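A.B. asks: In my numbering, the protein residues as written are 31 to 637. Below you'll find the structure I mean.
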């Protein structure tokens with residue numbers, strides 16, 4: 031049998047050289063078979079030999095084609111593997127493959143870099159070891175939910191880079207907190223899907239994709255602050271109107287009292303009106319502080335009905351005289367865990383939207399009560415489980431929302447109003463606050479007939495902050511609890527004077543200081559100081575630093591703090607112990623004496 035003619039071009043072509051080598055191997059194999067005793071080739075005529083040689087040449091050409099196809103397939107597989115390896119390793123998100131027990135099978139460089147670890151440090155380790163707190167149990171439950179879906183079909187293998195479930199739909203997403211080497215942590219989103227089984231039928235595996243949420247959380251915070259600025263702009267005019275009315279009462283009655291032309295009965299009535307007006311002013315400033323300050327979210331237990339009622343008092347000037355609000359409360363406490371400032375923001379945003387929907391005035395009805403949510407309704411509201419919830423129903427009789435817009439009203443920057451009346455952040459903020467509190471929000475609307483929002487928040491068995499069994503926690507402001515001599519420190523002469531009058535009126539001897547340096551000199555020279563009452567924010571040193579300096583001389587000196595700042599802002603300045611008693615300005619005589627009683631009782635208990 032003659033060999034295929036040698037082509038010089040094959041010397042420079044790797045593929046042709048490989049084909050030639052394969053051909054030589056085939057010929058050597060054939061010769062070995064002919065030389066063996068197992069193969070006997072019968073004698074053939076020359077025509078048969080020629081025909082066989084031609085058939086062998088055809089077969090050899092077919093083998094060359096098949097061999098080249100195999101090489102092409104191998105090259106494509108290698109390129110595909112390299113491409114998907116690059117997608118897995120260098121993806122902008124963290125990629126992770128775990129087994130059914132949550133142990134790491136493979137991890138990409140991106141996730142290893144986020145965790146500040148080598149990929150070898152993560153291999154064959156339980157991934158929960160790199161998660162913080164409650165995220166460990168959440169991750170384990172998530173992997174179990176993926177396992178219950180069963181392995182993905184083999185047809186899905188080509189789509190293994192997509193974090194979808196076996197049906198091709200987006201998998202559920204949860205939020206976890208990952209721990210970085212050294213103790214730091216960061217929030218991450220987690221989505222996963224089962225992978226197709228191996229050919230050898232090995233254990234189940236799951237592809238997980240993690241996204242770094244730090245940037246998104248920063249943008250969400252900016253969104254909340256932008257919405258607050260817009261809301262404060264809306265509130266400014268109404269608050270100024272209400273506050274000016276309050277100041278007018280105080281100023282008017284003050285001038286009348288100074289004139290000396292009023293009788294004793296009228297004088298008493300005017301003084302009471304001034305006290306009522308100052309209390310109203312205090313409520314306004316307190317609610318503005320709670321709403322406007324930038325702070326870390328601090329959920330607390332509040333009574334939903336009471337919080338809504340207080341917020342509506344602040345919003346009364348915002349809504350105008352042509353909008354009537356009807357508040358219906360169930361009468362029973364509805365304790366919910368939520369950030370109090372954000373709850374006020376929810377009410378304000380809904381009220382502003384209702385007012386804008388009724389340009390000619392109308393009625394807003396707010397109904398707050400407990401409701402039972404069954405399985406059918408819970409399934410219709412994302413994130414909700416069957417149970418009893420506190421419901422706030424907020425309805426107006428305004429222009430309503432078109433059906434085509436109803437599904438988009440919670441999208442950021444989407445608004446049914448023109449650009450001059452809103453940025454489209456209000457309802458997006460409401461939705462985020464309610465969902466963050468573990469609740470849900472539903473909306474129904476009909477063009478020309480109004481809109482009804484229904485907010486559901488989970489009830490808690492904890493007591494709302496401020497709930498007490500007695501009027502003042504069992505600490506009366508009686509004389510037996512008052513100190514004999516008090517050092518009063520405040521850099522405001524007017525505040526210092528009125529506080530000193532309150533104390534002297536209760537029978538307390540008062541020594542006054544206008545700044546921390548004067549106060550330190552008085553403590554050093556005074557024979558007896560039973561209590562120091564000090565403002566928190568003062569020049570040179572704050573009230574906490576002043577008390578620390580005083581206690582270097584008198585270690586057991588009791589201290590009471592007063593301030594016009596919120597408690598959270600005070601603690602942000604540092605130096606305050608959790609046990610510090612702080613009386614907020616403006617305070618009444620009863621407030622001040624009750625604060626003194628608390629401090630003195632604590633001092634007696636410590637002895």
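By construction, the Cβ of each residue, glycine as well, lies at the ideal position given by its N, Cα and C atoms. Model, not experiment: these values are computed from the prediction.
Taking DSSP as the reference, what is the three-state secondary structure of residue 292?
C.D. replies: By 1-based counting over the chain shown, the position of residue 292 is 262. Residue 292: coil per DSSP, three-state reduction.
A.B. asks: Could you name the residues of the same chain whose beta carbon sits closer than 8 Å to that of residue 491, not counting the 5 residues immediately before and after it, in chain order?
C.D. replies: Position 461 of the chain shown, counted from the first residue, corresponds to residue 491. Counting only Cβ-Cβ distances below 8 Å, and skipping sequence neighbours, we find 365.
A.B. asks: Would residue 420 and residue 487 be called neighbours here (beta carbons separated by less than 7 Å)?
C.D. replies: Within the chain shown, the letter at position 390 stands for residue 420. Within the chain shown, the letter at position 457 stands for residue 487. Taking 7 Å as the Cβ cut-off, residue 420 and residue 487 qualify as a contacting pair.
A.B. asks: Could you tell me how far apart the beta carbons of residue 123 and residue 241 are, in whole angstroms, since I believe they sit closer than 8 Å?
C.D. replies: Mapped onto the chain shown, residue 123 falls at position 93. Mapped onto the chain shown, residue 241 falls at position 211. Yes, residue 123 and residue 241 are in contact; Cβ-Cβ is about 5 Å, under 8 Å.
A.B. asks: What are the partner residues of residue 359, as DSSP defines its beta bridges?
C.D. replies: Position 329 of the chain shown holds residue 359. In DSSP, residue 359 forms a bridge with 398.
A.B. asks: Under DSSP, the alpha helix (DSSP H) around residue 172 begins and ends at which residues?
C.D. replies: Against the chain shown, residue 172 aligns to sequence position 142. That run of the alpha helix (DSSP H) goes 165-179.
A.B. asks: Rounded to a whole number of angstroms, what is the C-alpha to C-alpha distance between residue 142 and residue 329?
C.D. replies: For the purposes of this step, residue 142 is taken as the residue at position 112 of the chain shown. For the purposes of this step, residue 329 is taken as the residue at position 299 of the chain shown. Computed Cα separation, rounded: 33 Å.
A.B. asks: Look at the alpha carbon of residue 612 and the alpha carbon of residue 422, and state the distance between them as a whole number of angstroms.
C.D. replies: For the purposes of this step, residue 612 is identified with residue 582 of the chain shown, where counting begins at 1. For the purposes of this step, residue 422 is identified with residue 392 of the chain shown, where counting begins at 1. The alpha-carbon atoms of residue 612 and residue 422 are separated by roughly 33 Å.
A.B. asks: Does the beta-carbon of residue 5 have 16 or more other beta-carbons within 10 angstroms, so that it is buried, or is it exposed?
C.D. replies: The displayed coordinates of the chain run from 31 to 637. Any statement about residue 5 would go beyond what the structure contains.
A.B. asks: What ranges does the beta strand (DSSP E) occupy inside the stretch 535-573, keeping only unbroken runs of at least 3 residues that lie completely in it?
C.D. replies: 539-543 and 561-565
A.B. asks: Buried or exposed: which applies to residue 626, given that a residue is buried once 16 or more other Cβ atoms fall within 10 Å of its Cβ?
C.D. replies: For the purposes of this step, residue 626 is taken as the residue at position 596 of the chain shown. The residue is buried, with at least 16 neighbouring Cβ atoms inside 10 Å.
A.B. asks: If you follow the beta strand (DSSP E) that residue 388 is in, where does it begin and where does it stop?
C.D. replies: The count along the chain shown starts at 1 and reaches residue 388 at position 358. Where residue 388 is concerned, there is no enclosing beta strand (DSSP E), given that its DSSP letter is neither H nor E.
A.B. asks: Report back the beta-carbon spacing between residue 128 and residue 154 to the nearest angstrom; my notes put them in contact at under 8 Å.
C.D. replies: To locate residue 128, count along the chain shown from 1; it is residue 98. To locate residue 154, count along the chain shown from 1; it is residue 124. Actually they are not in contact, since the Cβ atoms of residue 128 and residue 154 sit about 10 Å apart, beyond 8 Å.
A.B. asks: Residue 402: which of 394, 415, 392 and 396 sits nearest, CA to CA?
C.D. replies: The residue labelled residue 402 in the question sits at position 372 within the chain shown. The candidate whose alpha carbon is nearest that of residue 402 is 415.
A.B. asks: What are the partner residues of residue 417, as DSSP defines its beta bridges?
C.D. replies: Mapped onto the chain shown, residue 417 falls at position 387. According to DSSP, residue 417 bridges with 403.
A.B. asks: Let's see if you can read the secondary structure: which residues bound the alpha helix (DSSP H) around residue 629?
C.D. replies: The count along the chain shown starts at 1 and reaches residue 629 at position 599. That run of the alpha helix (DSSP H) goes 619-636.
A.B. asks: Buried or exposed: where does residue 293 fall if 16 or more other Cβ atoms within 10 Å of its Cβ makes it buried?
C.D. replies: Stepping through the chain shown from its first residue, residue 293 is reached at position 263. Around the beta carbon of residue 293, a 10 Å sphere encloses fewer than 16 other beta carbons of the protein chains shown; the residue is thus reported as exposed.
A.B. asks: Helix, strand or coil for residue 461? Go by DSSP, reduced to three states.
C.D. replies: Here residue 461 refers to the residue found at position 431 when the chain shown is read from its first residue. The answer is helix: DSSP assigns residue 461 an H, G or I state.
A.B. asks: Using C-beta distances below 7 Å, list every residue in its chain close to residue 449, excluding the 5 sequence neighbours before and after it, in chain order.
C.D. replies: Mapped onto the chain shown, residue 449 falls at position 419. Because residue 449 sits at a pLDDT of 46, beneath the cut-off of 50, its placement in the model cannot be relied upon, and the point is left open.
A.B. asks: Tell me the DSSP bridge mates of residue 481?
C.D. replies: Residue mapping note: residue 481 aligns to position 451 of the chain shown, counting from 1. Paired residue(s): 475.
A.B. asks: Looking only at C-alpha atoms, which of 583, 331, 278 and 592 sits nearest to residue 307?
C.D. replies: Taking the first residue of the chain shown as 1, we reach residue 307 at position 277. Considering only alpha carbons, the answer is 278.
A.B. asks: Taking the straight line between their C-alpha atoms, what separation do you get for residue 301 and residue 543?
C.D. replies: Mapped onto the chain shown, residue 301 falls at position 271. Mapped onto the chain shown, residue 543 falls at position 513. Taking the CA atoms as reference points, residue 301 sits about 29 Å from residue 543.
A.B. asks: Roughly how far, in whole angstroms, is the beta-carbon of residue 220 from the beta-carbon of residue 235, given that I think they are within contact range, below 8 Å?
C.D. replies: Along the chain shown, read from residue 1 onward, the residue named residue 220 stands at position 190. Along the chain shown, read from residue 1 onward, the residue named residue 235 stands at position 205. Contact doesn't hold; Cβ gap of about 16 Å is too wide.
A.B. asks: Indicate the three-state DSSP secondary structure (helix, strand or coil) for residue 433 in the structure shown.
C.D. replies: Numbered from its first residue, the chain shown carries residue 433 at position 403. In this structure, residue 433 counts as helix in the three-state DSSP scheme.
A.B. asks: Mind pulling the alpha helix (DSSP H) runs of 4 or more residues that sit fully within the stretch 137-161?
C.D. replies: 139-144 and 149-152
A.B. asks: Within its chain, find whatever has a CB closer than 7 Å to the CB of residue 583; leave out the 5 residues flanking it on each side and keep chain order.
C.D. replies: Sequence index remark: in the chain shown, residue 583 carries index 553 (1-based). Hits under 7 Å: 553 and 554.
A.B. asks: Residue 304 by DSSP, collapsed to three states: which one?
C.D. replies: Locating residue 304 in the chain shown gives position 274, counting from the first residue. In this structure, residue 304 counts as helix in the three-state DSSP scheme.
A.B. asks: If you check the beta carbons only, do residue 518 and residue 536 fall under 7 Å apart?
C.D. replies: To locate residue 518, count along the chain shown from 1; it is residue 488. To locate residue 536, count along the chain shown from 1; it is residue 506. No, Cβ-Cβ distance for residue 518 and residue 536 is not below 7 Å.
A.B. asks: Of the choices 482, 398, 429 and 137, whose alpha-carbon is the least far from that of residue 362?
C.D. replies: For the purposes of this step, residue 362 is taken as the residue at position 332 of the chain shown. Looking at the Cα atoms, 398 is the closest of the given residues.
A.B. asks: So, helix, strand or coil for residue 133, using DSSP?
C.D. replies: Within the chain shown, numbered from 1, the residue matching residue 133 stands at position 103. Residue 133 falls in the strand class under three-state DSSP.
A.B. asks: Which same chain residues end up closer than 6 Å to residue 478 when comparing Cβ atoms and leaving out the 5 residues on each side of it in sequence?
C.D. replies: Taking the chain shown and counting its residues from 1, one reaches residue 478 at position 448. Result list for residue 478: 430, in chain order.
A.B. asks: Does the beta-carbon of residue 418 have 16 or more other beta-carbons within 10 angstroms, so that it is buried, or is it exposed?
C.D. replies: Within the chain shown, residue 418 is the residue found at index 388, counting from 1. With fewer than 16 other CB atoms across the displayed protein chains lying within 10 angstroms of its CB, residue 418 is exposed.
A.B. asks: DSSP three-state call for residue 118: helix, strand or coil?
C.D. replies: One-based indexing of the chain shown puts residue 118 at position 88. Helix at residue 118.
A.B. asks: Considering only their Cβ atoms, is the gap separating residue 513 from residue 561 smaller than 7 Å?
C.D. replies: As a first step, residue 561 must be located in the chain shown, where it is residue number 531. As a first step, residue 513 must be located in the chain shown, where it is residue number 483. Contact: yes.
A.B. asks: Based on Cα-Cα distance, which residue from 233, 203, 485 and 109 lies nearest to residue 425?
C.D. replies: Numbered from 1 along the chain shown, position 395 holds the residue referred to as residue 425. Ranking the options by Cα distance to residue 425, first place goes to 485.
A.B. asks: Hey, residue 166 and residue 158: beta-carbon distance below 7 Å or not?
C.D. replies: Working through the chain shown from its first residue, we reach residue 166 at position 136. Working through the chain shown from its first residue, we reach residue 158 at position 128. Contact flag set, yes.
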